[in-house]
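Chains A and B are the protein sequences, given in the same order. Quick note: the first sequence, position 2, residue 957 per my numbering, numbers continuous. Quick note: the second sequence, position 23, residue 978 per my numbering, numbers continuous.
2 protein chains.
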Amino acid sequence: MALIVQKFGGSSVANPERIKRVASRVAETAQGGNRVVVVVSAMGDTTDDLIGLAEQLTDSPSAREMDMLLTTGEQISVALLAMAVQTLGMQSVSLTGYMAGISTEAVHGKARITGIDPARIHRELDAGQVVIVAGFQGMSELGNITTLGRGGSDTTAVALAAAIGADLCEIYTDVDGVYTTDPRVVQAAKKLDRISYDEMLELANLGAGVLHPRAVEFAKQYNVALMVRSSFNKNIGTLVEEEAQMEQGMIVRGIAHDMNVVKVSLVGVQSRIGNLHKIFQALAEASVNVDIIVTSVVHEGVSDISFTIEHGDLNAAMPVLEALVPEFGGPVFEMEEDLAKVSIVGAGMISNPGVAAQMFGALSEAGIGIKMVSTSEIKVSCVVDKERAHEAVRVLHSTFGLDGAETAVVSGLNGNE
Amino acid sequence: MALIVQKFGGSSVANPERIKRVASRVAETAQGGNRVVVVVSAMGDTTDDLIGLAEQLTDSPSAREMDMLLTTGEQISVALLAMAVQTLGMQSVSLTGYMAGISTEAVHGKARITGIDPARIHRELDAGQVVIVAGFQGMSELGNITTLGRGGSDTTAVALAAAIGADLCEIYTDVDGVYTTDPRVVQAAKKLDRISYDEMLELANLGAGVLHPRAVEFAKQYNVALMVRSSFNKNIGTLVEEEAQMEQGMIVRGIAHDMNVVKVSLVGVQSRIGNLHKIFQALAEASVNVDIIVTSVVHEGVSDISFTIEHGDLNAAMPVLEALVPEFGGPVFEMEEDLAKVSIVGAGMISNPGVAAQMFGALSEAGIGIKMVSTSEIKVSCVVDKERAHEAVRVLHSTFGLDGAETAVVSGLNGNE
Chain A
956 MALIVQKFGG
966 SSVANPERIK
976 RVASRVAETA
986 QGGNRVVVVV
996 SAMGDTTDDL
1006 IGLAEQLTDS
1016 PSAREMDMLL
1026 TTGEQISVAL
1036 LAMAVQTLGM
1046 QSVSLTGYMA
1056 GISTEAVHGK
1066 ARITGIDPAR
1076 IHRELDAGQV
1086 VIVAGFQGMS
1096 ELGNITTLGR
1106 GGSDTTAVAL
1116 AAAIGADLCE
1126 IYTDVDGVYT
1136 TDPRVVQAAK
1146 KLDRISYDEM
1156 LELANLGAGV
1166 LHPRAVEFAK
1176 QYNVALMVRS
1186 SFNKNIGTLV
1196 EEEAQMEQGM
1206 IVRGIAHDMN
1216 VVKVSLVGVQ
1226 SRIGNLHKIF
1236 QALAEASVNV
1246 DIIVTSVVHE
1256 GVSDISFTIE
1266 HGDLNAAMPV
1276 LEALVPEFGG
1286 PVFEMEEDLA
1296 KVSIVGAGMI
1306 SNPGVAAQMF
1316 GALSEAGIGI
1326 KMVSTSEIKV
1336 SCVVDKERAH
1346 EAVRVLHSTF
1356 GLDGAETAVV
1366 SGLNGNE
Chain B
956 MALIVQKFGG
966 SSVANPERIK
976 RVASRVAETA
986 QGGNRVVVVV
996 SAMGDTTDDL
1006 IGLAEQLTDS
1016 PSAREMDMLL
1026 TTGEQISVAL
1036 LAMAVQTLGM
1046 QSVSLTGYMA
1056 GISTEAVHGK
1066 ARITGIDPAR
1076 IHRELDAGQV
1086 VIVAGFQGMS
1096 ELGNITTLGR
1106 GGSDTTAVAL
1116 AAAIGADLCE
1126 IYTDVDGVYT
1136 TDPRVVQAAK
1146 KLDRISYDEM
1156 LELANLGAGV
1166 LHPRAVEFAK
1176 QYNVALMVRS
1186 SFNKNIGTLV
1196 EEEAQMEQGM
1206 IVRGIAHDMN
1216 VVKVSLVGVQ
1226 SRIGNLHKIF
1236 QALAEASVNV
1246 DIIVTSVVHE
1256 GVSDISFTIE
1266 HGDLNAAMPV
1276 LEALVPEFGG
1286 PVFEMEEDLA
1296 KVSIVGAGMI
1306 SNPGVAAQMF
1316 GALSEAGIGI
1326 KMVSTSEIKV
1336 SCVVDKERAH
1346 EAVRVLHSTF
1356 GLDGAETAVV
1366 SGLNGNE
């Protein structure tokens, strides 16, 4: 008997028909002798509908009240799914985030989970219940309802899996698993059988979309076995685990892209010790995620600082930066929107120098300009014009042998259960 | 500076426009130097929409999951109203039932409030917040979200007013106050200036509709001054308080009717000590409200028992009664739906014998048959055919001088603020 956490996204529970289908899948797992905890997002359009209501009242709703508003979406889903599971003759009980014992930071809109008290879930499981938990939400120590922000339901699922000691955490999505790159961009993209946490983390961070990075971090930290699979069929998905069996010679495992990049440049910042710290501390306090940072060489006491942020953080970042301008000797602001980040990821890069150079070469050969570069041990990212991004992905997928490698990579993966 | 609780029903917050109007009213009260706690119901059709979703999944949803589902309605309302108040430049914070400290019985769909911890509300008020609380809901000691059932938002408002020591609890509704009878039935119906808790309790119990009896009970028990008034204008409403100034000679203060009555008869119950107790204990355990009870004289060891219940409790009552039949010597069931209860209410009745007789005479003169009778110190109720109920109300309104008394009763009441 295994303890399994299953997570279903908003499109999987978009209407009563789909909720029934999810209920069947859940019931099957439970009737197979497993204990099951299910994490669900809000039904399809619910969140947008609620945002629409708020927009009719104000242009700048408080984040706290938005959390109160939006968390009703998952509460509706869990109640309906519990009902649907009950009609299949099983006991089921729904829990909001706080009822499931999920504590978060006292931040609204993008809180992080600070702890989970699994007592209630264990009690319900012991009583034979299929437990349905609202994703995306928790409660702060101030007693306010919070949301975890984007990818929050994935994070909820993995964090719960860690907290209750689940044997497996299944993330159901609308694709069959993790692909070498976005199949909508590159037709030759293929599903991976296995992938390591670190590779998945880079891919998730880079906008691969199937799994939120925070969820992968949690999974890595607590060694939760993660399976990404389709809610529309029973194909085996992609297993994310500690030591993936790497195919020999597969230096680059996947190509990711992120179309949501804004480059901010502060030109002419006076070079003083602590200035960099001040800028990025202030941005962090405003919960702005900074990605790539590039600083120029100091010249006549001033330097230029460039960095990328998500487009969605632009409104939060601007007042912070404007407030800092006078202090830094009044640098000039520059902003470039319409950018994208294209990245190659693979654990094999660590021991293969020259991969980055190969990437730059392929892009320049295709006439695609590189605006910024960032590297880690297992990835290289380039910021390019948004309109060239898809082309860049195709070029790199081919350059690194992923088009040709499809048979090798996917061998044995397409079997049905 | 007064501490005021204001309660707005679902039609008052049915859409963003109306929410803005309620926000203005709330803000006006707060800007007048008062501390304000607002209790809100779910937006207009939200509850019906949610029930519709559940119905697509199951014919018999569990009451616990229905509570999880339906309480999202008020959570949406409070979040939106807090946003709307904030846009008027005031601080405002929304709270769910449990965040507002409301504890209830561990019953779903019609729980009673068992306690309120006002600490959070006081803290928010001290911080200068307009506090918006979700009506109709609380949390059981088992940590489950519960609903208070019909009239639950009124009850929430009055209970909160008692718990925080409010100076006044205003119940905003779609009528100007409490009337001598339903103005839709009797055109000559007039608004009452003041009414006592006991009279209001009888009227509320009898289906007068503007105020739920549990709310009035709370108000009486904790001596909460209650004002029923319109959310569409600023007319002074009806003040419900301990010692209403009774107009001399006004024996009957109001006529109520309830169109939702089912009469259940058990014919041929063996007369054994404890049988009555067993029946009504079993019904109480199933949370069925029994209203009028009539037992026949014992004849040859058997008697007949008749009682009325609300139509909505029929499904809960039937299995209970069927289970008891064998034990009681197999009595015959009889059920009569399509009934109504018409009642006259007035504190002056206590010292005026013959009021009941006058009521029976008026109804029989109009050719309206009386099926059951029930009396208390300040009311007399008759069960009649539903199709004759409105006629009965008109006859009694006239018989007891309420048509003619309008000027006396309403003098001084119609002034605007």
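Backbone N, C-alpha and C define an ideal beta-carbon position, used for all residues, glycine too.
- Any Cβ of chain A closer than 8 Å to the Cβ of residue 1090 of chain B would place that residue at the interface, and such an atom is absent.
- Residue 1170 of chain A and residue 1110 of chain A have their C-alpha atoms spaced approximately 4 Å apart.
- Those residues of the stretch 970–994 of chain B placed with their C-beta closer than 9 Å to a C-beta in chain A are 970, 971, 972, 974, 975 and 978, ordered along the chain.
- Think of a sphere of 9 Å around the beta carbon of residue 1031 of chain A: the chain B residues whose beta carbon falls inside it are 1005, 1008, 1023, 1024 and 1027, in chain order.
- The CB of residue 1013 of chain A comes closer than 9 Å to the CB of 1038, 1039, 1041 and 1042 in chain B, given here in chain order.
- When the Cα atoms are used, residue 1156 of chain A and residue 1196 of chain A turn out to be separated by approximately 11 Å.
- Taking 8 Å as the threshold, the shortest C-beta distance from residue 1098 of chain B to chain A falls below it.
- At least 8 Å separates the CB of residue 1327 of chain B from every CB of chain A.
- Residue 1082 of chain B does not reach chain A, its nearest Cβ partner there being about 12 Å away, counting only Cβ pairs nearer than 8 Å.
- Around the C-beta of residue 1188 of chain B, fewer than 16 other C-beta atoms lie within 10 Å, and the residue is accordingly described as exposed.
- Distance between residue 1101 of chain B and residue 1319 of chain B, taken at the CA atoms: about 45 Å.
- Contact check for residue 1287 of chain A and residue 1260 of chain A: beta-carbon distance about 11 Å, past the 8 Å limit, so the pair fails to qualify.
- In the same chain as residue 966 of chain B, and ignoring 5 residues on each side of it, the C-beta atoms closer than 7 Å to its own belong to 999 and 1129, in chain order.
- With respect to chain A, the C-beta atom of residue 1073 of chain B has no partner C-beta closer than 8 Å.
- Counting the other CB atoms within 10 Å of its CB gives residue 1176 of chain B a total below 16, which places it among the exposed residues.
- CA-to-CA, the gap between residue 1274 of chain A and residue 1238 of chain A works out to about 10 Å.
- Scanning its chain for C-beta atoms nearer than 6 Å, with the 5 sequence neighbours on each side dropped, one finds around residue 961 of chain B the residues 993 and 1125, in chain order.
- In this structure, the alpha-carbon of residue 1184 of chain B lies about 37 Å from that of residue 1032 of chain A.
- Non-local beta-carbon contacts of residue 1179 of chain A in its own chain, meaning distances under 6 Å to residues more than five positions away in sequence, involve 1113, 1116, 1117 and 1124 in chain order.
- Per DSSP, the continuous beta strand (DSSP E) segment holding residue 1127 of chain A begins and ends at 1123–1128.
- Ranked by Cα distance from residue 964 of chain B, the first of B/1167, B/1172, B/1325 and B/1213 is B/1167.
- Chain A places a beta carbon closer than 8 Å to that of residue 1035 of chain B, counting this residue as a contact.
- Using a Cβ-Cβ cut-off of 8 Å, residue 1020 of chain B counts as an interface residue toward chain A, since at least one Cβ of chain A sits closer than that to its own.
- Residue pairing by DSSP places residue 1328 of chain A opposite A/1337 in a beta bridge.
- Looking at the DSSP output, residue 1134 of chain B shares a beta bridge with B/1146.
- Excluding the 5 residues flanking it on each side, residue 1357 of chain A has same chain C-beta neighbours closer than 6 Å at 1135, in chain order.
- At a cut-off of 8 Å between C-beta atoms, residue 1016 of chain A counts as an interface residue with respect to chain B.
- Separation of the CB atoms of residue 1025 of chain A and residue 1005 of chain A is rounded to 6 Å, and the pair is thereby assigned contact status at 8 Å.
- Each of B/969, B/1017, B/981 and B/1021 was checked against the Cα of residue 996 of chain B, and the nearest Cα belongs to B/969.
- Between residue 1049 of chain B and chain A, the shortest Cβ-Cβ separation is below 8 Å.
- Counting only unbroken stretches of 3 or more residues, the beta strand (DSSP E) elements lying wholly within the stretch 1227–1300 of chain A are 1245–1250, 1257–1265 and 1287–1300, in sequence order.
- In the three-state reduction of the DSSP assignment, residue 1184 of chain B falls in the strand class, which pools E and B.
- Chain order gives the chain A residues near residue 1054 of chain B as 1098, where near means a beta carbon separation below 7 Å.
- The beta carbon of residue 1095 of chain A sits closer than 6 Å to those of 1059, 1061 and 1101, all from its chain and outside the five residues before and after it, given in chain order.
- When DSSP states are grouped into helix, strand and coil, residue 1045 of chain A belongs to the coil group.
- Within the stretch 1071–1128 of chain B, the complete beta strand (DSSP E) segments of 3 residues or longer fall at 1085–1089, 1092–1095, 1100–1102 and 1123–1128, listed in chain order.
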